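Note sheet for the following structure.
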Amino acid sequence: MTGGGAVDGSGRATEDPVSGPPTSGGSTALEAAGAAGPPPPPPQAHVAPGRPGRPGWSERRRRAAALGLLALVVLLVALVRAAARAARDGKPVVLIEVFHHPLPYAAAVLVLIVLAVLVGTRSRATRTLLLVPVLGCALLASPVALIVFGDLPHETADRPAPGRSDRSLVIHEGSAMIDPLWWVSVDAGSGLTARRWPVGYFNGDDPDDALASAQWDGPDRIRLATEGGEVFVVALDPATGRPEHRVRAG
């Protein structure tokens, strides 16, 4: 008999050493599991795909803060320029008094620019590339700025007009290197609406051109005199306080 097993003398089947013990016609549970393959992995939570290239909230806030600082720089520069023009054109006194200070605001602008670069950029190379030229220019310009704006005009007199509380004669003194300077103006109005009108400028490079006196010669007229004896009389508009002409000596 051929096949998977042999029969002994008593008619019982014996184990074939090659094919192993006899098996039933079906497969075992282990063979079935092996045929089915490995169990499926457990389900995972769904994660929405990110958007590559889009900065996070922190980066956006840094950029917004840097832009805000730069906007403040532009605003300060515009106000300082407006104040410088106002000092010559009869503009609001409050604008001149608050913003006609070039050196302090130049320092503030420099600080704001440095902060904007530090806040808006993270790369050291970018920071160096932006800050080195800015700080270098500031270092080179500082001696010139100190010479030009080092001795800014300061108020030395404020004399009300006779019979008019809304008008005053204002004198500022300063210097250009070693030469004394005087600016004479009239403040007309009160509060935030007050305007400053330039009346005279005196340069003491020549002692005869130095301002000797400035006084009211009536509610609508000013009398100015130099050390050399020259006298100027300037009439003012009764309604606005604007001078009919400006005086210059030196």
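Each residue of the sequence shown is one higher than the one before, starting from 1 at the first, in full-length UniProt numbering.
Cβ atoms here follow ideal geometry from the backbone N, Cα and C, with glycine treated the same way.
Since the structure is predicted, the reported quantities are computational estimates derived from the model, not experimental observations.
Let's see if you can read the secondary structure: which residues bound the alpha helix (DSSP H) around residue i?
i: E230; result: That residue, E230, is in no alpha helix (DSSP H); it is neither H nor E in DSSP.
i: L115; result: P102 to G120
i: E97; result: V93 to F99
Quick check on residue i - is its C-beta less than 8 Å from some C-beta in chain D?
i: V199; result: In the structure shown, chain D cannot be found, because there is only a single protein chain.
Under the rule that 16 or more other beta-carbon atoms within 10 Å means buried, what is residue i, buried or exposed?
i: A33; result: Residue confidence for A33 is low, a pLDDT of 47 falling below 50, so the modelled location carries little weight; the figure read from the coordinates is stated next. With fewer than 16 other Cβ atoms within 10 Å, it is exposed.
i: P162; result: exposed
i: A188; result: buried
i: P22; result: Any reading at P22 is ruled out, since the residue's pLDDT is 48, under 50, leaving its predicted position unreliable.
i: R60; result: exposed
i: D220; result: buried
i: V186; result: buried
i: G204; result: buried
i: D208; result: exposed
i: P243; result: buried
i: T128; result: exposed
i: I178; result: exposed
Please state whether the Cβ-Cβ distance between residue i and residue j is less than 8 Å.
i: V119; j: L131; result: no
i: residue 289; j: W183; result: For residue 289 there is no data in the structure shown, the boundaries of the chain being 1 and 250.
i: A145; j: A66; result: no
i: A84; j: H101; result: no
i: E173; j: T193; result: no
i: L169; j: F202; result: no
i: A210; j: E227; result: yes
i: R196; j: V93; result: yes
Between the options, which has its C-alpha nearest residue i's C-alpha?
i: A212; options: R221, G200, A116 and H154; result: G200
i: A235; options: G250, W216, G229 and E227; result: W216
i: D166; options: G241, G228, A106 and H245; result: G241
i: H154; options: C137, A71, R164 and S175; result: S175
i: L75; options: A108, G90, P92 and V93; result: A108
i: V73; options: V111, E230, T126 and L129; result: V111
i: A106; options: A141, T121 and S123; result: A141
i: G191; options: L95, L69 and A64; result: L95
At which residues does the beta strand (DSSP E) containing residue i begin and terminate?
i: H245; result: No beta strand (DSSP E) holds H245; DSSP gives it neither H nor E.
i: G174; result: R164 to A176
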